[in-house]
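According to my numbering, the sequence shown holds residues 43 to 263 in order.
Below is one structure, written out as structure tokens; the observations come after it.
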Amino acid sequence: MNVTDAVRQRYSTRAFLDRPVDGALVRELLELAAQSPSGGNLQPWIVQVIAGERQAGLKRVMAAKLDAGEREKGEYNVYPPNLWEPLNARRATAASQRFQATGIPDDPDGAVEMQRENFAFFGAPVGLFFSLDRRCGPPQWADVGMMMQTFMLLAVERGLATCPQMIWARWPKTVSTYLEIPETHILYSGMSLGYADEGSKWNSFRTERAPLSDFATFYEI
């Protein structure tokens, strides 16, 4: 598989098989992903990997918190307030696709059900959490994002699937109790990792991308 194939095949997987992932493989992929670009070679990313009973415990706690209607102060706004066009339309279309594909009602109760799947790692046997020092700025956040993308493409090459989950940044205190993330670090994102359940309705759709003319301008080329 080449890079182009990996880019085209990658998608945010929301249903995984009950099949374990070799820990040695996860370590190998992270070592390779650390070759990602990093301004000044700061390499600001901190990665914590969770599986087994530790992961199961976190899933139980999150389910209980959702049942109780609890909320936490998030690390940041996952989306900007008063989202503008065409960004708002893109988000709305993607959400509509998910509700239609899964048959979950597009209402507040349905939204909670969607969150339940998120915080259960969509059934993936491995979860990853990415954090960085709070003193870091936007350039270092970009570094972590590039590292995550590199990891996701490497996962595709090895037959694995992923789903980046910034929604975990809404629950930093709860995650920190399981992963001991210090207060000096910001929880940037989670990620589910495993083998895709290709037959699941959760994986039956793909979001569209805007055409080149919508986002690129060329000068003298």
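For each residue, glycine too, the CB sits at the ideal point set by N, CA and C.
Here the structure is a predicted model, which means the values were calculated and not measured.
Span of the beta strand (DSSP E), counted from its first residue to its last, around residue i
i, result
"residue 99", "No beta strand (DSSP E) holds residue 99; the alpha helix (DSSP H) holding it covers 94-109."
"residue 82", "Here residue 82 belongs to no beta strand (DSSP E), and DSSP marks it neither H nor E."
"residue 230", "227-236"
Whether residue i touches residue j by CB criterion (7 Å)
i, j, result
"residue 221", "residue 161", "no"
"residue 208", "residue 234", "no"
"residue 173", "residue 129", "no"
"residue 227", "residue 175", "yes"
"residue 188", "residue 87", "no"
"residue 212", "residue 116", "yes"
"residue 237", "residue 59", "yes"
"residue 159", "residue 146", "no"
"residue 223", "residue 169", "no"
"residue 141", "residue 148", "yes"
"residue 215", "residue 127", "no"
"residue 80", "residue 192", "no"
"residue 96", "residue 205", "no"
Strand pairing of residue i, partner residues [DSSP]
i, result
"residue 90", "171"
"residue 54", "204"
Residue interval of the alpha helix (DSSP H) (run including residue i)
i, result
"residue 152", "150-160"
"residue 139", "129-144"
"residue 38", "Past the boundaries of the shown model lies residue 38; the chain is included only from 43 to 263, so the question cannot be answered."
"residue 215", "214-221"
"residue 255", "254-257"
"residue 185", "180-199"
Distance cut-off 6 Å: residue i Cβ against heavy atoms of the ligand ADP
i, result
"residue 113", "As far as ligands go, the structure on display features none, and thus does not contain the ligand ADP."
#### Entry: the region 245-257 touching the region 74-81, judged by at least three CB pairs closer than 8 Å
no
### Message
Within 8 Å, do at least three Cβ pairs link the region 162-179 to the region 232-248?
### Response
yes
### Message
Pairs of beta-carbons, one from the region 47-57 and one from the region 187-206, closer than 8 Å: are there three or more?
### Response
yes
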